[in-house]
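Below is one structure; the comments refer to it alone.
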Amino acid sequence: MFTLMRHNAARLEGNKMGIEASSVSGTSSAVANCGSSIGPSLVSSLPSAPSPVPSLRVPTVLLFDSGLGGLSVLRELARQRPDARYVYAADDAGFPYGALDEATLIARVVAVMDALVARLAPDVVVISCNTASTLVLPALRARFSIPFIGTVPAIKPACEGSQTRLISVLATPGTVKRDYTKALIRDFAGSCRVTLVGSARLAPLVEASFAGEMVGDADFAEEIAPAFVREGGVRTDTVVLACTHYPLVRERLERVAPWRVRWLDPAPAIARRAVSLVGPALEERMPLPLRLFSTGAPLDAALVGRIAGMPARNGELVPMSAELT
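Counting from 0, one number per residue, gives the positions in the sequence shown under numbering that gives the first Met the number 0.
Okay, structure coming up:
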């Protein structure tokens with residue numbers, strides 16, 4: 000069963016959440032086998048035993064998000080495959096995605112991806128945005144022949160590791176309201192009670208904090224408070240970080256949390272999946288400069304490089320049609 004927290008009711012109309020989408024081997028990872036059996040093939044598995052990129056060629060990996068959140072995935076991926084050629088693209092002109100209706104969001108992401116794939120010819124694309132993953136993956140996989148890896152809520156591993164059987168999914172409103180998320184709970188929560196917390200403010204607060212704005216601890220504490228539940232003499236022991244923005248401020252969330260919990264970050268599992276597709280590192284070498292694209296304002300290379308832990312080039316703009324900008 001699950002409880003939908005009406006988190007500041009006026010805010011709860013809209014957005015996202017997540018952890019891995021394509022087939023992942025093993026069940027201990029933060030994304031484990033959420034599988035292709037759920038929903039209308041939303042997580043339809045990539046071909047079994049896909050062929051990795053030729054071993055003598057440095058692969059190009061494109062990571063996509065609506066803002067800076069996907070950098071939490073990029074920094075983990077760069078640790079596991081430091082020699083790859085990474086491109087980070089943010090559809091910041093459309094941020095936050097929770098403000099868009101589903102048809103508009105699908106059309107927008109497909110259009111942005113059309114421009115990026117044509118220009119970059121990536122070997123694999125990581126949709127490191129929960130709202131996009133839980134909605135747009137089928138359209139992307141139908142349109143392009145390259146593999147797409149997504150992020151969906153880590154319900155199964157969260158429940159498998161919970162001692163109190165009380166877990167919370169800290170997400171954005173769009174992911175909270177998705178039928179796909181409810182299907183994950185139905186199929187994988189078992190005896191766990193799952194509290195869904197959809198915050199419309201938390202991802203923007205993360206973006207604001209990295210932009211240098213003053214964001215107090217009280218603001219973060221207010222947004223995560225509904226994820227901490229006491230019930231029947233026990234309390235929440237696991238919180239799924241179901242938006243890739245949230246791991247970027249994990250230490251701060253830990254500091255303002257009412258009590259200690261296990262935080263599930265999808266990044267390591269997503270990175271392992273990507274490496275399984277492109278193959279292991281060829282040799283030890285200095286990371287290649289990160290290439291940056293955005294649809295609104297050019298990304299700050301110094302800021303992105305600091306978050307991702309790797310050098311970054313000056314940002315470039317994705318050429319977009321007028322109706323999407």
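Here a beta-carbon is modelled for each residue, glycine too, at the ideal position from N, C-alpha and C.
Under the Cβ criterion (8 Å, minimum of three pairs), the region 80-88 counts as touching the region 107-126.
Contact check for Leu67 and Ile306: beta-carbon distance about 7 Å, within the 8 Å limit, so the pair qualifies.
Bridge partners of Arg185 according to DSSP: none are assigned. The Cβ neighbour count for Glu222, taken over all protein chains shown within 10 Å, is at least 16; the residue is labelled buried. Gly197 carries a strand assignment under DSSP once its states are collapsed to helix, strand and coil. Nearest to Leu240 by alpha-carbon distance, out of Pro279, Val228, Glu230, Glu253, is Glu253. Contact check between the region 244-258 and the region 172-185: fewer than three CB pairs, one atom from each, fall below 8 Å, which does not count as touching. Boundaries for Ala92: no beta strand (DSSP E) harbours it, and the DSSP string shows neither H nor E there. Beta-bridge partners of Glu230 (DSSP): Val233.
Judged by pairs of C-beta atoms under 8 Å, the region 253-269 does not touch the region 280-299, as fewer than three such pairs exist. Taking each of Val303, Asp178, Val123 in turn and checking the Cα distance to Thr130, the smallest one comes out for Asp178.
If one requires a minimum length of 4 residues, the alpha helix (DSSP H) runs lying completely within the region 130-181 are 154-160, 172-176, in chain order. It is roughly 15 Å from the alpha-carbon of Gly97 to the alpha-carbon of Leu169.
Bridge partners of Asp64 according to DSSP: Ala89. Scanning its chain for C-beta atoms nearer than 8 Å, with the 5 sequence neighbours on each side dropped, one finds around Val109 the residues Val135, Ala138, Leu139, Arg142, in chain order. Contact check for Ser65 and Cys128: beta-carbon distance about 5 Å, within the 8 Å limit, so the pair qualifies. In this structure, Pro288 sits away from Asp264, with a CB-CB distance that is not shorter than 8 Å.
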